[in-house]
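> Residue numbers (the numbering used here), protein chains in the order written: chain A, 25 to 404; chain B, 204 to 371. All C-beta atoms in this analysis are idealised placements derived from N, C-alpha and C, irrespective of residue type, glycine included. Since this is a predicted model, take the numbers as computed values, not measurements.
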Ligand SMILES: [Zn+2]
Ligand SMILES: [Zn+2]
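1) When DSSP labels each residue in this structure, what does residue 344 (chain B) get in the three-state scheme?
2) Reducing DSSP to helix, strand and coil, say where residue 300 (chain B) ends up.
3) With hydrogens ignored, establish whether the beta-carbon of residue 291 (chain B) is closer than 7 Å to any heavy atom of ligand 2.
4) Taking 7 Å as the cut-off, does the CB of residue 275 (chain B) come closer than this to any heavy atom belonging to ligand 2?
5) Counting only the same chain and skipping the five closest in sequence on each side, list residues whose C-beta sits under 7 Å from that of residue 243 (chain A).
6) Can a CB atom of chain A be found closer than 8 Å to the CB of residue 359 (chain B)?
7) Could you check how far apart the C-beta atoms of residue 381 (chain A) and residue 322 (chain A) are, in whole angstroms? I think they sit under 8 Å.
8) Please give me, in chain order, every unbroken run of the beta strand (DSSP E) with length at least 3 that falls completely inside the stretch 173-261 of chain A.
9) Count the C-beta pairs between the stretch 148-167 of chain A and the stretch 93-113 of chain A that are closer than 8 Å, then say yes if the count reaches three, no if not.
10) Rounded to whole angstroms, what's the CA-CA distance from residue 394 (chain A) to residue 304 (chain A)? Just pull it up for me.
11) For residue 278 (chain B), verify whether its CB is less than 7 Å away from any heavy atom of ligand 2.
12) Compute the beta-carbon to beta-carbon distance between residue 192 (chain A) and residue 100 (chain A), rounded to the nearest angstrom, for a pair I have assumed lies under 8 Å.
13) Considering Cα atoms alone, identify which of B:284, B:274, B:293 is closest to residue 78 (chain A).
14) Alpha carbons only, please: which of A:145, A:201, A:64, A:238 is nearest the one belonging to residue 351 (chain A)?
15) So, with DSSP's three-state summary, where would you put residue 158 (chain A)?
16) Between residue 115 (chain A) and residue 143 (chain A), which are expected to be in contact by the criterion C-beta below 8 Å, what is the C-beta distance as a whole number of angstroms?
17) Would residue 162 (chain A) be called buried (16 or more neighbouring beta carbons within 10 Å of its own) or exposed?
18) Go ahead and label residue 341 (chain B) buried or exposed: buried means 16 or more other beta carbons lie within 10 angstroms of its beta carbon, across all protein chains shown.
19) Which residues does DSSP list as the beta-bridge partners of residue 70 (chain A)?
20) Can you name the residues that DSSP bridges to residue 147 (chain A)?
21) Between residue 85 (chain A) and ligand 2, is the CB less than 7 Å from at least one heavy atom?
22) Please list, in chain order, the residues of the stretch 133-165 of chain A that have any C-beta partner in chain B closer than 8 Å.
23) What are the start and end residues of the alpha helix (DSSP H) that includes residue 397 (chain A)?
24) How is residue 219 (chain B) classed by DSSP in three states: helix, strand or coil?
25) Considering residue 315 (chain A), what are the terminal residues of the alpha helix (DSSP H) in which it resides?
26) If the criterion is Cβ atoms closer than 8 Å, does the pair residue 280 (chain B) and residue 313 (chain B) meet it?
27) Using a beta-carbon distance below 8 Å, is residue 251 (chain A) in contact with chain B?
28) I need the straight-line Cα distance from residue 306 (chain B) to residue 329 (chain A), nearest angstrom please.
29) Looking at the secondary structure, which residues open and close the alpha helix (DSSP H) in which residue 90 (chain A) lies?
30) Below 8 Å between beta carbons is the criterion; list the residues of the stretch 325-357 of chain B that meet it against any residue of chain A, in chain order.
31) On the three-state DSSP scale, how would you describe residue 227 (chain B)?
32) Using a Cβ cut-off of 8 Å, which residues of the stretch 225-238 of chain A contact any Cβ in chain B, in chain order?
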């Protein structure tokens, strides 16, 4: 690479104080920043696809070329201030369980976790930034923030991108913008998304309608844990479909408008549920509490749905506001990889369900008791 | 859900629903979990329907017949058909004929109007200038135009300095 000022071989970076273990034990943006501000939008994420000029894309590059690209990118990324004391590893250095944990934390993609020699990831200490190297593109820069934070996330990620530009020559065309392996990412190379908790729209059977409306506006809706309109945990991811022809700000503004309107629909649906049949809604929340406190077998899907109801209870004032961070952390920690890590061993799916219930019982043993007198429809 | 839609590919109940407007026509795709996985619809933020339609919409005869090849990386239109991805950034120039019709309707527009890697572009124009000056220099020396050669050398030094500054 003609523009990287590398005089020493750049593969392994010097000190690497962070490990997967410490990553799990360190407070992170996703698991520890929940507040009433993230009531409906749990998390905002922006990712930028970038490639080095004059080099084949990862899927077409030969092994030696991939290694060279990995070295140059890794050196540039780890040199940024945001990555100080972060984690920088090659995918081949990670075990199956470690990869699974990183996927469950949204820090690497499934595609990267299954990729061949010459791929890697750099993750910041607070796990807000992660940069995948040699996934579909040379660089996939990701910024993750708790709550509805498109503007802040954009400000941070564009700063990181500009810093990398100091030492890396990105492939760029004045007409087509940033050149990416797949033409669907051309232009800004930006995919912005929000993870939304929409239990009332799911209970009221309105998700199908919402998905279609959002699609018409050029945005994509996906279930986060499950699929389509009945995703488990009622958590959905909404992101922009197109990347060329609009500036980053225009895309974010459009996405932001769509998110606002989904928030309104969810709040209206909650108000209607409370108005029309609060007994039925409170029954769901109360039963969820009972099962989490006393159940002995919980599949991942059931656990997500129960936690979703508890989270809705927090939003409605049935549980104290501070408990929202517990549900958000458990959304991640009840995933198979995290469970397995916590129990230090390999487990079959059936055994995992026992462990999951055990874990949740202990979390909910001291969880605040539900108070159904507080609720008011306007409360979000 | 009252009326479950069926998967377009295998008619199991569809759980992934995507809609996009292409060439003023509304395209809808409903997929079941298995087919979505198989089609690579696994990364919610990275997926786009256009990607799915892209492979279907490529006219096989047209692409095979052209016989073009990217000079930089050796990629051919057939490779693109197989992978749905290009080989290197230069492929965008080599396969303009295939790309342009595809881009119609894939995005909001066909011209980029966002962030520009300013520093990298400035660096590139300096490198280009340097290359040109080095050509000029060797020609001047060959033709024994020593005054021109001296001027080229001065300019080369200036540009080299500027390049150094651009690298932090
Ligand atoms: Zn199917
Ligand atoms: Zn090429």
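Once the coordinates are examined:
1) helix
2) helix
3) yes
4) yes
5) 262, 263, 264, 265, 279, 282
6) no
7) 4 Å
8) 214-221, 243-247
9) yes
10) 15 Å
11) yes
12) 5 Å
13) B:293
14) A:64
15) coil
16) 4 Å
17) buried
18) exposed
19) A:167, A:216
20) A:111, A:154
21) no
22) 133, 134, 135, 160
23) That residue, residue 397 (chain A), is in no alpha helix (DSSP H); it is neither H nor E in DSSP.
24) strand
25) 272-318
26) no
27) Reliability fails at residue 251 (chain A), whose pLDDT of 42 lies under 50, so the model's placement of it is uncertain and no value is given.
28) 40 Å
29) 87-102
30) 326, 327, 330
31) Note that residue 227 (chain B) has pLDDT 44, beneath the 50 cutoff, so the model's placement of it is unreliable and the number below is only indicative. If DSSP states are grouped into helix, strand and coil, residue 227 (chain B) belongs with coil.
32) 229, 232, 235, 236
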